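What follows is a set of notes on a single structure, which appears directly below.
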Amino acid sequence: MSRFWGEATMADGNRVPGEMMAIAIPVPGGPDALVPQTRPVPVPGDDEVLIRVAAAGVNRPDVLQRQGKYPPPPGASDIPGLEVSGTIVAAGQGGELLVGQRVCALLAGGGYAEYALAPAGQCLPVPESYDLIEAAALPETLFTVWTNLFERAYAVGGDTVLVHGGTSGIGTMAIRLCNLFDVKIIVTCGSDEKCAAARAWGADEAINYKTQDYVAEVKRITGGQGVQAVLDMVGGDYLPRNLECLAEDGRHVSIAVLGGAKADVFIPAIMQRRLTLTGSTLRARSVGFKSLVADELVRTVWSFVEDGKLRPAMDQRFALADAAKAHARMDAGEHFGKIVLVV
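To convert, note that position 65 of the sequence shown is 80 in our numbering; the numbers rise steadily by one, no gaps.
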């Protein structure tokens, strides 16, 4: 059998190899469950592209998958990794014109590898002046924050919002987008040091949830009015407290339940104050939906990327083979912004 992948050629004239190094999860567990393996290079189907990966972002859903708590959706690769950057080196029917382009892409899985498949519609162009490794840290948090804070929660200029996890990838992206769209942002963090880092990154206010009552602080900061929206990934007993932080007609968006999947709420207060409770997950949404989001990001946000005004907060970079060390870093909870695997 040929060691090369069919008759396909890369944009630079080199052949696509038949095999690649990827990170697998043979048995769920701790960071050491991430094991380098040799895998076949995937073949793009219709409207798909093959990306020679420069870097892959590390995200909390990857950790949950590693732990056996978040299996990939049907049809997705079992290789973890929800975002990559790199160069398109081959394409199926419908994606041929993209071959040779530098892109970052949102994936349903498969990012922790030397090559990854992506739907053509979920790729975003990376400007020549933009660092490809930084670009790998954009898609997952950008898609998530945009669809949940700016679409589902309808945040607009002049609003004040509360976002938990202010130094996480989600939190740091929310800060930057709020800065760009004239939205005041309050974040919560787990230490005074993290609060200071969040403020330095652009948060208007940062609350140490371990030493302060964030509900009381939000009311103090807003003069008793509350915030127009809350973006929450904690769940559990945070939900009723978050509702106390909302102004009348406020919107609450849940995107994860790291602190618990159930909560008790007082329904009459929701009715009397006309609150909206909503939420979403992104990974299992259709290619069509995520492609529409990509189109909207190109129209509304991508000019800031092209101008260098929207860059992710970068924590540490690890080699792809050191994915276990990257996950140990995330498990420790001391990171600020995005952890990235470099191929």
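Backbone N, C-alpha and C define an ideal beta-carbon position, used for all residues, glycine too. The model shown is predicted, which means the values in this text are computed figures rather than measured ones.
Counting along the chain, no alpha helix (DSSP H) covers LEU261; the unbroken beta strand (DSSP E) around it starts and ends at 261-269. In this structure, GLN137 is the residue among VAL230, GLN137, ASP61 and LEU132 with its C-alpha nearest to the C-alpha of SER301. Per DSSP, ARG288 is one residue of the alpha helix (DSSP H) stretching across 282-288. When DSSP states are grouped into helix, strand and coil, GLU321 belongs to the helix group. Here the region 155-174 lies against the region 246-259, with 3 or more beta-carbon pairs under 8 Å apart. In its chain, beyond the 5 residues on either side, THR102 and VAL141 have a beta carbon closer than 6 Å to the beta carbon of ARG117.
Cα atoms of GLY251 and ALA231: separation of roughly 19 Å, rounded to the nearest angstrom. Within its own chain, the residues whose Cβ lies closer than 6 Å to the Cβ of GLN80, once the five positions on either side in sequence are excluded, are PRO95, listed in chain order.
With respect to VAL31, LEU164 sits apart: the two C-beta atoms are not nearer than 9 Å. Here THR187 is not near ALA39, since their CB atoms are 9 Å or more apart. For ASP47, same chain residues with a beta-carbon under 8 Å away, outside a window of 5 residues either side, are ALA339 in chain order.
According to the DSSP secondary-structure assignment, ASN223 is paired through a beta bridge with CYS204. Relative to the Cα of ASP228, the nearest Cα in the group ASN257, ALA211, GLY72 and ASP219 belongs to ASN257. Going by C-alpha positions, ILE270 is about 25 Å away from GLU208. VAL313 has its alpha-carbon roughly 27 Å from the corresponding atom of PRO87.
Assignment of GLN108 by DSSP, reduced to helix, strand and coil, places it in the coil class.
Straight-line spacing of the CA atoms in LEU147 and GLU259 works out to 41 Å.
Below 8 Å, enough C-beta pairs join the region 339-358 and the region 61-73 to call them touching: three or more.
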